[in-house]
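*Asks:* My questions will all concern the structure given below.
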Amino acid sequence: MSRLDSMIRRLQAQRDGIEWAARRISDLGGDVLEVGLGNGRTYDHLREKLPEREIWVIEREPAAHPKSTPPSDRLLVGEADAGLAELARRGVRVALIHYDLGVGIADVDHPLAAGLSPAMAALLVPGGIVLANNPLVGLPEIKGPDTVPLERYFFYSKPDAE
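In case it helps, our numbering puts the sequence shown at residues 10 to 171.
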């Protein structure tokens, strides 16, 4: 598969996953968290699909399109582990996390995602959903939308009772 086709599949998975998750969390309280802003496409889609939710963003080096840049009071600039710790310190609870970090090399990306998994899980409300571009650990994996091929994107949910 060409890199272009791979990117198209990734973008479709993100769109379909966000829309699917937005429906699944409609009865849950909690904010939304975008881990990895990039140019802001998925942040913009989250904002459109979940306009009533506060959306927090963690990004090491913000460089998003100006129309897709979160307000400064919801943007945590720096490493993801520090941003997750800051949200926990503030008592932020989230119903949806979209995790999109990495360089596209599994040997680099998978350990990063695994290392951040516990901090993300701690922020989730029971029944909360995580969409991730890399596999996570410690949360039950669930089946995402039928339009997303297995292992193209990963879906997790925090159990209702722990």
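Here a beta-carbon is modelled for each residue, glycine too, at the ideal position from N, C-alpha and C.
Just so you know, these numbers come straight off a predicted model, no measurement behind them.
#1: Is the distance from the Cβ of L55 to the Cβ of V101 below 8 Å?
#2: Are the region 137 to 144 and the region 21 to 33 in contact at 8 Å, needing three or more beta carbon pairs?
#3: Tell me whether E43 is buried or exposed, calling it buried when 16 or more other Cβ atoms sit within 10 Å of its Cβ.
#4: According to DSSP, V146 sits in a beta bridge with which residue or residues?
#5: Can you tell me whether L59 is helix, strand or coil according to DSSP?
#6: P79 by DSSP, collapsed to three states: which one?
#7: Taking the continuous beta strand (DSSP E) assigned at P135, which residues delimit it?
#8: In the DSSP assignment, find the alpha helix (DSSP H) that holds L13 and state where it starts and stops.
#9: Thinking just about the alpha-carbon of each residue, which of E95, I106 and D40 is nearest to the one in T51?
#10: So the beta strand (DSSP E) D40 belongs to, where does it begin and stop?
#11: Among all the DSSP beta bridges, which residues are the ones paired with I64?
#12: Where A22 and R98 are concerned, what is the direct C-alpha to C-alpha distance, given to the nearest angstrom?
*Replies:* Checking against the coordinates, here is how it stands:
#1: No, these two residues do not count as a Cβ contact at 8 Å.
#2: Contact holds between the region 137 to 144 and the region 21 to 33, because three or more Cβ pairs, one in each stretch, are under 8 Å apart.
#3: With 16 or more neighbouring CB atoms inside 10 Å of its own CB, E43 falls in the buried class.
#4: Answer is none; V146 lacks a bridge partner.
#5: In the structure shown, L59 sits in coil (DSSP, three-state: anything other than H, G, I, E or B).
#6: Correct three-state label for P79: coil.
#7: Start and end: L133 to A141.
#8: According to the DSSP assignment, L13 belongs to the alpha helix (DSSP H) that extends over R12 to R33.
#9: When each option's Cα is compared against that of T51, the closest is I106.
#10: It spans D40 to V44 - the beta strand (DSSP E) in which D40 sits, taken as one unbroken run.
#11: In DSSP, I64 forms a bridge with V41.
#12: Cα-Cα distance, rounded: 32 Å.
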